[in-house]
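Heads up: take any position in the sequence shown, counting from 1, add 175, and you land on our numbering. Where is the CB? At the ideal position from N, CA and C, for every residue including glycine. These notes concern the structure reproduced below.
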Amino acid sequence: MWRWVRQQLGFDPPHQSDTRTIYIANRFPQNGLYTPQKFIDNRIISSKYTVWNFVPKNLFEQFRRVANFYFLIIFLVQGYEDWLRHNSDNEVNGAPVYVVRSGGLVKTRSKNIRVGDIVRIAKDEIFPADLVLLSSDRLDGSCHITTASLDGETNLKTHVAVPETAVLQTVANLDTLVAVIECQQPEADLYRFMGRMIITQQMEEIVRPLGPESLLLRGARLKNTKEIFGVAVYTGMETKMALNYKSKSQKRSAVEKSMNTFLIIYLIILISEAIISTILKYTWQAEEKWDEPWYNQKTEHQRNSSKILRFISDFLAFLVLYNFIIPISLYVTVEMQKFLGSFFIGWDLDLYHEESDQKAQVNTSDLNEELGQVEYVFTDKTGTLTENEMQFRECSINGIKYQEISGRLVPEGPTPDSSEGNLSYLSSFSHLNNLSHLTSSSFRTSPENETELIKEHDLFFKAVSLCHTVQISNVQIDGIGDGPWQSSLAPSQLEYYASSPDEKALVEAAARIGIVFIGNFEETMEVKTLGKLERYKLLHILEFDSDRRRMSVIVQAPSGEKFLFAKGAESSILPKCIGGEIEKTRIHVDEFALKGLRTLCMAYRQLTSEEYEVIDRRLFEARTALQLREEKLANVFQFIEKELILLGATAVEDRLQDKVRETIEALRMAGIKVWVLTGDKHETAVSVSLSCGHFHRTMNILELINQKSDSECAEQLRQLARRITEDHVIQHGLVVDGTSLSLALREHEKLFMDVCRNCSAVLCCRMAPLQKAKVIRLIKISPEKPITLAVGDGANDVSMIQEAHVGIGIMGKEGRQAARNSDYAIARFKFLSKLLFVHGHFYYIRIATLVQYFFYKNVCFITPQFLYQFYCLFSQQTLYDSVYLTLYNICFTSLPILIYSLLEQHIDPQVLHNKPTLYRDISKNRLLSIKTFLYWTILGFSHAFIFFFGSYFLMGKDISLLGNGQMFGNWTFGTLVFTVMVITVTVKMALETRFWTWINHLVTWGSIIFYFVFSLFYGGILWPFLGSQNMYFVFFQLLSSGSVWFAIILMVVICLFLDIVKKVFDRQLYPTNTEKAQLTETNSSIKCLDSMCCFSEGETACASVGRMLERVIGRCSPTHVSRSWSASDPFYTNDRSILTLSTMDSSTC
């Protein structure tokens, strides 16, 4: 059976013995003393395959071609990557969860959750679906979550259940719940949810409104709460997280697209050559003597065959003969170059972050060269530009400005001394922390004013400690309990959680001053002031919204007085104030903003019992309204937040990552536009943009925010366009929020894009993850089709990272989702400059030369084959031996270009990094333009003509040039052409190389030596496994002729001389900025300098030209040249590179 299988597959012959015994007429012996032999039947089979062996035999033959292994590897890699995604999906879908069914908790898998199921979530677990909160372990039904994986905000957010379900804290109680939820269909907006819950109690229906504060999003994590119960309203791919997820698509670089265009052009050239050769063949054979010469008589079948079929057959034969013009091995070399070259990013110590012990990661090597083509950078803010760590810096209290220096709150400016007894209250602050938080020397007060001053400061820090939504971890709250303050617990031990990092920083600052917020206990806020515990009843929270730009709380003091404390942006607080140091505070706020600090104003209002009763009633009516709830709440908030008394202002610094400002400035110098896309609030985003240099202080900031309708948005866009046109000299920055952006993209894309293109910087705030991706897509499909790059650090940035041409993940504090889904991952934003300006520049230069060179050398290779057909009656006779055809791209010319594409550094990396303007030289795929492509193609054709006709005319007149007097033959002529070609294309690669290492020397000159050694061995021995050996002793005879050596040298020099001359004059007459900056240091001496007028004293200009020729071929090492930069150097004025060289007399030039 096994033998039969081997025979069917073609691997086993049917006969095992050396002889065969044949019985005539098949008369076999009757005694049975013979071994029957099996013979095949009389069928003739000219086909290569059978039904059984087609697949394995064809695969074996296909994979004998090395290039086809590439496609197999790609197939396997893509399958493996998808298999990993399936495993990841199965892990998430199979995660254990607990649901309430039949009066008890049932453990099931996440994928089995159905809409309507009640799910129990414990502390630090991730929500498996979008849930409406029913109850928690707290009496008020509140819980705290972090949405870092959704919107990038690492701070806690508070969610609240409706009162009727908040009391159902056990499974048994929840099993008795009879309720119905009516809500909107799924949508991607993370911040929008409208619905209502109809609860049936004692045959009575109670309707409660549901908003975003009731919805727990999938992907968020429960924090600071032991457990909650929620009902699933959106599951699976209908959750908001899934709707914001953009499936990962295969990205293609601009170089790959150019390669495909060039391949189509070369395919047209191939078909054209085949058609021309076929037509000329039949034109030539129109004469009978050429149609059927005496030495090649046709068979009867050939004479009677269809001319159309013969034409097609000949056309296909010429296609096969010329098919080597299509560089299939280019794809293999490109993939090797990308894969091996990607290791240099991980090995770069400049991209290594020592504090976190993280190095740069390459998740895909297909986009290395795209790093050198970026025109737009879209970056997240929180955790990408900033460290997401707020620090209290300054404040203004009653018109006096203070700074916090080394834990001390010090008034600004010199002040006269005052008596030691002044401000006993403020000095007691220092007693709490053994620090002089407030210096008494600043206050020139009389004893009767001391009490009023103390009251103002007390009220200011009380407002800071009470007007917020900050929470404290359960562990610490349990340690404090409801009893008096425990002196053993220092304020620094409290760990605060807040929905805003500003709030956390301010509460921590107040604790350092001496007013310590301890926590919320049901409806009570506890504050420790100078060791004395005070309890304030929290009556109402007026939540922050982007329209009001402020938040407020109404509290009842221990004395029974009711206060409204408000906190917000100066533009929203100051107009509401009727008392306090308004003008002084306004000046201080402006001064804080100029320092890049985030500012908030604090104000208060004391409420009478009658005022509070009206406020309480109106708030209840607005919050329980089913129709126009948001509008009614806004009106009530406006009614409450008025007639305020200004207390002062705070200034908080969101600490930027190291060198963010310098990096953004460098990106601008490189011609890259920077957009900031963030989910943060408008004020926060603008403040950080100013502090990081994205917005300049002199920039005119335009705003497209809080638009309510298409018409309103369109009118605002037209006004912005007019302002830009009128003030075209001034730089403009645009601020747009998520709601307005949705309206702008719906009907007014073109108008919006026109405004954006005329702005130097764009900031998009309150952006949902999917909106970030839509903005990037809008830029991608614009008429200019620029290359985009997205940078982010959280799961909320994954969509934009996957949408952009290049996605960069920051390995920060918000998990590794962005890093895992990105193309490249770095530890800090500052590493982006080195990644683009150095690695991107090098990768693009290398692969652009690699692609052009491959097409060039294949044109050189096949064009002589085409020309040869004119001299062999278009008989499809090959010019080269089949072994040379196979090894040309695999062995003889492959290594020099591969090593070049891995190691080439046409300019010093430090110069590239310090001079971002050099990035402009390679923008817009400039080195792979049609003009450059045509130059390399024409160069290849011209060199091919020189190879062929040079050999033909030099040897055609005297065919007895061999040392033994024999004549030149077909294989000798073809070998001469091939030898000149191998040497020329290899030396051409040497001319392109500027950064020489021992590896470059080895592969460049080694390739030429290997060709000669191989040819000598191949043609010098009769190899028994070769059926025919046309090249036997041909190479020996060829090299025995001195005329041949002369011809080889002459043709190589002729081919490359014109190319060298062109390079010299181009660099002198039309130098690029990169060529001007090609100045590197090796052992404190100049390696290369491109200026004809700079040569040592007593040296002639000819010597300088000689040095330039050396530099063109990459071997420049002038020893007497010394020069420094001067004002006349043609560099950009904003270049910041520091190149220290010795001086040179300017009169020399």
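From the DSSP output, read off the bridge partner residues of residue i.
i    : result
S311 : I403
P271 : R284
I647 : Y671
C888 : BP columns for C888 are empty, so no partner.
T825 : C570, L775
Using a Cβ-Cβ cut-off of 8 Å, state whether residue i counts as contacting chain C.
i     : result
F1208 : The structure shown has no chain C; it contains just one protein chain.
To the nearest whole angstrom, what separates the beta carbons of residue i and residue j, a pair I think is in contact under 8 Å?
i     : j     : result
C642  : S727  : 7 Å
G969  : G394  : In fact, because the Cβ distance is near 11 Å, the residues do not count as touching under 8 Å.
F719  : R710  : About 25 Å; that fails the 8 Å criterion.
Q288  : T410  : It is worth fixing the name first, because residue 288 is Ile in this sequence and not Gln. That belief holds up - the Cβ atoms of I288 and T410 are roughly 6 Å apart, short of 8 Å.
V966  : I985  : 6 Å
F368  : L390  : 5 Å
D972  : E922  : 27 Å between Cβ atoms; not a contact.
L331  : A673  : 6 Å
L1191 : F1211 : 7 Å
V950  : L892  : Wrong, their Cβ atoms sit about 15 Å apart, outside the cutoff.
Less than 8 Å between the beta carbons of residue i and residue j, yes or no?
i     : j     : result
D305  : L392  : yes
L819  : K737  : no
L1103 : V1026 : yes
A809  : C940  : no
L308  : P361  : no
C776  : V764  : yes
A461  : F490  : no
I503  : Y441  : no
F767  : T774  : yes
K1090 : L526  : no
A685  : F696  : no
V1227 : V1162 : yes
T1325 : Q1040 : In the structure displayed, the chain extends from 176 to 1324; residue 1325 sits before or after that span and is not available.
I1097 : H1016 : yes
V346  : L280  : yes
L349  : V290  : no
I1022 : V430  : yes
L681  : V827  : yes
According to DSSP, is residue i part of a helix, a strand, or is it coil?
i     : result
I199  : helix
M565  : strand
R295  : strand
E1256 : Low per-residue confidence applies at E1256: pLDDT is 42, beneath 50, and the placement is therefore not dependable, though the value from the model is reported in the following sentence. DSSP places E1256 in strand when its eight states are reduced to three.
W850  : strand
I572  : strand
M416  : helix
F719  : strand
I443  : helix
T351  : coil
I976  : helix
M1130 : helix
K1251 : helix
**Prompt:** With a cut-off of 8 Å, do at least 3 Cβ pairs link the segment 825-835 to the segment 539-549?
**Reply:** no
**Prompt:** Can we say the segment 544-562 touches the segment 967-981, given the rule of at least three CB pairs closer than 8 Å?
**Reply:** yes
**Request:** Say whether the segment 1017-1031 touches the segment 561-575, bearing in mind that this needs 3 or more beta-carbon pairs closer than 8 Å, one atom from each stretch.
**Result:** no
**Request:** Would you check if the segment 895-915 and the segment 870-883 touch, i.e. whether three or more CB-CB distances between them fall below 8 Å?
**Result:** yes
**Item:** Cβ contact check for the segment 397-406 and the segment 1060-1079: 3 or more pairs under 8 Å
**Value:** no
**Prompt:** Are three or more beta carbon pairs between the segment 994-1001 and the segment 524-536 nearer than 8 Å?
**Reply:** yes
**Request:** Evaluate contact between the segment 779-794 and the segment 843-851, counting only Cβ atoms and requiring at least three cross-stretch pairs below 8 Å.
**Result:** no
**Request:** Could you say if the segment 1183-1198 and the segment 1099-1118 meet the contact criterion of at least three C-beta pairs nearer than 8 Å?
**Result:** no
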